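Trainee: Sharing a structure here in structure tokens format.
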Amino acid sequence: MSKHSRSQILINSQSGEVRVALLEDEVVQEIHIERTNDLSIVGNIYRAVVTRVMPGLQAAFVDFGSERNGFLHIDDVFANAIAQPNQQTNASNNIKDIRYLLREGQQISVQVLKEPVAEKGARLSTKLALASTYAVYKPNGSGHKISHRINAKDERARLENGLAEILDTSPMRQKNCAGSYILRSAANNIDLSLLAADVHFLQRLWLGVEAKRAIGNRPSCLHQELPVEQRLIRDLPVGELTQIIADDKRVLDKLKKFCDDIKIDIPNGLNYYSESQPLFGKYGIDLEVEKALQGRIELDNGGYLIIDQTEAMATVDVNTGSNVGRHDPEKTVYQTNLCSVTEIAHQIRLRNLSGIIVIDFIDMQNTHHREHVLDSLKSAMKGDRTDVFISKFTELGLVQIRRKRTYQSLRQLLHADCSNCHGYGSVKSVDTVVFEIWRELKRVVDMYNCTTLSVRASSEVIEGILASKDTFMKTFNEIFKCKVVITDEPLFTREPVSYTHLSCRRIE
């Protein structure tokens, strides 16, 4: 994000759902959606119980009160925070072995790092962290840190000394509030009184978690992360959020109190939207959402992108399309690739693509062109608030991006697997189904020596049977001496899971 970006937050609220859009310089960059029956659990802290330790994976499954157990890898286990009777003397020497850190039935505190996706449970950690506007508190951490984005030595020294004084004079310094603090980039040049308020808030928050943990022993939530709209306000760089617009007065009132509590100034205020035209419709956000759910994205110069998302990774394919050029093919390819990087960065962030993302740019022979395209991509991705790593061009001419996976993608939030193709994105052709029916009929005739068979299929499959070059029923009758009766079932789909809808039955 550039230093001069002006951010707006638009909030559309209705019964059971809140949609939040982040606009930068009037361009929608992020869409966040929370539904009452599917609230995000990322950042929540739970009392949990280890249900299964797996030395082969150096991980454990943990019951934290959700329908599906969470996954806890050894890298996310803070050894000193895990109480292991009879093995504490060996813990420091065997921290690379999960068996010395966790045991089945053990009670621990965990925080959700990643949402559950598909068949995978939530990713958990015992390295707890509580965030506020200017600081992050790690109850089990050691050694305070300051964001690397705060470069000035004098400012870093001021914050370091200020934090030390705040902690020394804190009224809660004797109440089990040891740990470490990370001062966020938002703390740059702030008044130390604001930092003190933040630190004291985090200390009170942690004491509340500790109090809940001491009561009971069953898996339960000890701390719930902020709602999506408040979390977004908290995490945006100070000074860049200029306006909030919401179409629900109750939401707006809560946000006003929240902004007052964390002492955030919003220059253009918090405004209620009361027009008859839907808020997201007026600002074109609904159109952007629809665009972000499509596989093909048109570029301004005539080229286009094909974006495909699977559980394992996402791929982006750049194509010249109608931009074929007239004289210099290499220049045409270079210009198309260069034109694509801004849209690629935009779509990755808007769709919240994460994990491994592979970009297949059009092949470029000129080394300078490749370097310029890669530099332009890195520049375009700087505004992304999620941790991103971008590789160089591989030997195959691909660029790989690793983007931290935390929340579900837009597609995962809004789409479900097709009940017909079961998530493959395609179904068998009519000809393929017709030939499968033929083979199934032949199998039944060979097994039961039928004289008449009945086929019930969808309208388009029936049309395919009737339109086949060699008349389906006539040929079958001549070869197998069996009559085929077909029945049109308009409610049937082309491709069933089994032959339940396309089954053959004997009529004698």
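So for the sequence shown, this note's numbering puts the first residue at 4; every next one is plus one.
Beta carbons: idealized from backbone N, C-alpha and C, even for Gly.
What you are looking at is a predicted structure, and each value in this text was computed from that prediction instead of being measured.
Taking DSSP as the reference, what is the three-state secondary structure of Q11?
Mentor: Indexing the sequence shown from 1 puts residue 11 at position 8. Q11 falls in the strand class under three-state DSSP.
Trainee: Within a Cβ cutoff of 6 Å, which residues of the same chain sit near R459, ignoring the five residues on either side of it in sequence?
Mentor: Against the sequence shown, residue 459 aligns to sequence position 456. So the list reads T490, E492, once near-sequence residues are dropped.
Trainee: Can you tell which of H203, L25, I465, E232 has its C-alpha closest to the C-alpha of V488?
Mentor: On the sequence shown, residue 488 is found 485 positions in, with the first residue counted as 1. Ranking the options by Cα distance to V488, first place goes to I465.
Trainee: How long is the line joining the alpha carbons of G165 and D194, rounded to whole angstroms?
Mentor: On the sequence shown, residue 165 is found 162 positions in, with the first residue counted as 1. On the sequence shown, residue 194 is found 191 positions in, with the first residue counted as 1. Cα to Cα, G165 sits roughly 10 Å from D194.
Trainee: In angstroms, rounded to a whole number, what distance separates the CA positions of L469 and N355?
Mentor: Working through the sequence shown from its first residue, we reach residue 469 at position 466. Working through the sequence shown from its first residue, we reach residue 355 at position 352. Approximately 46 Å between the Cα atoms of the pair.
Trainee: Among L290, L308, D420, which has the Cα closest to the Cα of V30?
Mentor: As a first step, residue 30 must be located in the sequence shown, where it is residue number 27. Cα-wise, what sits closest to V30 is L290.
Trainee: Reducing DSSP to helix, strand and coil, say where Q206 ends up.
Mentor: As a working note, residue 206 is residue 203 in the sequence shown. Q206: helix per DSSP, three-state reduction.
Trainee: Classify A470 as helix, strand or coil using the three-state DSSP reduction.
Mentor: Your numbering for residue 470 matches position 467 in the sequence shown. Three-state DSSP puts A470 in coil, outside helix and strand.
Trainee: For V391, which option in A383, L258, I269 has the closest C-alpha, if you only look at C-alpha atoms?
Mentor: Here residue 391 is taken as the residue at index 388 of the sequence shown, counted from 1. Looking at the Cα atoms, A383 is the closest of the given residues.
Trainee: Verify whether the separation of the beta carbon atoms of A138 and Y103 is less than 8 Å.
Mentor: Here residue 138 corresponds to residue number 135 of the sequence shown, with the count starting at 1. Here residue 103 corresponds to residue number 100 of the sequence shown, with the count starting at 1. No, Cβ-Cβ distance for A138 and Y103 is not below 8 Å.
Trainee: Per DSSP, what kind of secondary structure is H372 in: helix, strand or coil?
Mentor: For the purposes of this step, residue 372 is identified with residue 369 of the sequence shown, where counting begins at 1. Of the three classes helix, strand and coil, the one that applies to H372 here is helix, per DSSP.
Trainee: Would S347 and R406 be called neighbours here (beta carbons separated by less than 8 Å)?
Mentor: Residue mapping note: residue 347 aligns to position 344 of the sequence shown, counting from 1. Residue mapping note: residue 406 aligns to position 403 of the sequence shown, counting from 1. In the sequence as presented, Ser is not what sits at residue 347; that position holds Ile. No, the Cβ-Cβ distance between I347 and R406 is not below 8 Å.
Trainee: Mind the definition here: the stretch 371-378 touches the stretch 407-418 only if three or more C-beta pairs lie below 8 Å; say whether that holds.
Mentor: No contact exists between the stretch 371-378 and the stretch 407-418.
Trainee: Using alpha carbons as the reference points, say which of S432, K431, S457, V430 lies closest to E443.
Mentor: Reading the sequence shown from its first residue, position 440 is the one you call residue 443. Checking every option, the nearest Cα to that of E443 belongs to S457.
Trainee: Checking 8 Å against the spacing of the C-beta atoms, do V321 and T339 come in under that value?
Mentor: Translated into positions along the sequence shown, residue 321 becomes position 318. Translated into positions along the sequence shown, residue 339 becomes position 336. A Cβ-Cβ contact shorter than 8 Å links V321 with T339.
Trainee: Considering only the beta carbon of each residue, do A63 and R71 sit closer than 8 Å?
Mentor: Position 60 of the sequence shown, counting from 1, holds the residue named residue 63. Position 68 of the sequence shown, counting from 1, holds the residue named residue 71. Not in contact: A63 and R71 (Cβ atoms no closer than 8 Å).
Trainee: At a cut-off of 7 Å, would you count Y451 as near the ligand GDP, judging by its Cβ distance to the nearest heavy atom?
Mentor: With respect to the ligand GDP, the structure shown offers nothing to examine, as it has no ligands at all.
Trainee: By DSSP, does H76 sit in helix, in strand, or in coil?
Mentor: As a position in the sequence shown, residue 76 is number 73, starting the count at 1. The answer is strand: DSSP assigns H76 an E or B state.
Trainee: Would you identify the three-state DSSP class for P88, choosing helix, strand or coil?
Mentor: Indexing the sequence shown from 1 puts residue 88 at position 85. Reliability of the predicted coordinates at P88 is poor, the pLDDT of 46 falling under 50, and no value is obtained from them.
Trainee: So, using beta-carbon positions, are T245 and I265 closer together than 8 Å?
Mentor: Position 242 of the sequence shown, counted from the start, is the residue given in the question as residue 245. Position 262 of the sequence shown, counted from the start, is the residue given in the question as residue 265. Not in contact: T245 and I265 (Cβ atoms no closer than 8 Å).
Trainee: Does the beta-carbon of P58 have 16 or more other beta-carbons within 10 angstroms, so that it is buried, or is it exposed?
Mentor: For this step, residue 58 is matched to residue 55 along the sequence shown. Label assigned to P58: exposed.
Trainee: Look up T490 in the DSSP assignment and give the residues it is bridged to.
Mentor: In the sequence shown, residue 490 corresponds to position 487, counting from 1. T490 is bridged to R459.
Trainee: Considering just the uninterrupted stretch of the beta strand (DSSP E) at C224, what are its terminal residues?
Mentor: Within the sequence shown, residue 224 is the residue found at index 221, counting from 1. For C224, the enclosing beta strand (DSSP E) begins and ends at 223-226.
Trainee: So which of V53, L162, S10 has the shortest CA-CA distance to N129?
Mentor: Residue mapping note: residue 129 aligns to position 126 of the sequence shown, counting from 1. Rather than Asn, the amino acid found at residue 129 in this sequence is Thr. The residue with the shortest Cα to Cα distance from T129 is V53.
Trainee: Could you check what DSSP says for S379 in three-state terms: helix, strand or coil?
Mentor: For this step, residue 379 is matched to residue 376 along the sequence shown. Looking at S379 - three-state DSSP - the assignment turns out to be helix.
Trainee: Please state the DSSP three-state secondary structure of I393.
Mentor: Walking along the sequence shown from the start, residue 393 turns up at place 390. Reduced to three states, the DSSP call for I393 is strand.
Trainee: Go ahead and pull the three-state DSSP assignment for D264.
Mentor: The sequence position of residue 264 within the sequence shown is 261, counting from 1. D264 falls in the helix class under three-state DSSP.
Trainee: Going by beta-carbon coordinates alone, are V512 and V45 separated by less than 8 Å?
Mentor: In the structure as shown, the chain begins at 4 and stops at 511. Residue 512 is therefore absent and cannot be evaluated.
Trainee: To the nearest whole angstrom, what separates the beta carbons of I288 and Q11, a pair I think is in contact under 8 Å?
Mentor: In the sequence shown, counting from the first residue as 1, residue 288 sits at position 285. In the sequence shown, counting from the first residue as 1, residue 11 sits at position 8. Not confirmed; about 11 Å, so no contact.
Trainee: Specify the secondary structure class of K215 as computed by DSSP and reduced to three states.
Mentor: Start at 1 with the first residue of the sequence shown, and residue 215 comes out as number 212. K215 falls in the helix class under three-state DSSP.
Trainee: In the DSSP assignment, find the beta strand (DSSP E) that holds Q246 and state where it starts and stops.
Mentor: Within the sequence shown, residue 246 is the residue found at index 243, counting from 1. That run of the beta strand (DSSP E) goes 244-249.
Trainee: Based on Cα-Cα distance, which residue from E27, G386, I440, D449 lies nearest to G467?
Mentor: Taking the first residue of the sequence shown as 1, we reach residue 467 at position 464. Closest by alpha carbon: I440.
Trainee: Please report the residue range of the beta strand (DSSP E) in which N480 lies.
Mentor: Numbered from its first residue, the sequence shown carries residue 480 at position 477. From DSSP, N480 is part of no beta strand (DSSP E) but of the alpha helix (DSSP H) over 475-483.
Trainee: Can you tell me which of the three DSSP states I193 falls into?
Mentor: Counted from its first residue, the sequence shown places residue 193 at position 190. Three-state DSSP puts I193 in coil, outside helix and strand.
Trainee: Is it buried or exposed for G108, if we count other Cβ within 10 angstroms and need 16 for buried?
Mentor: Residue mapping note: residue 108 aligns to position 105 of the sequence shown, counting from 1. So G108 ends up on the exposed side.
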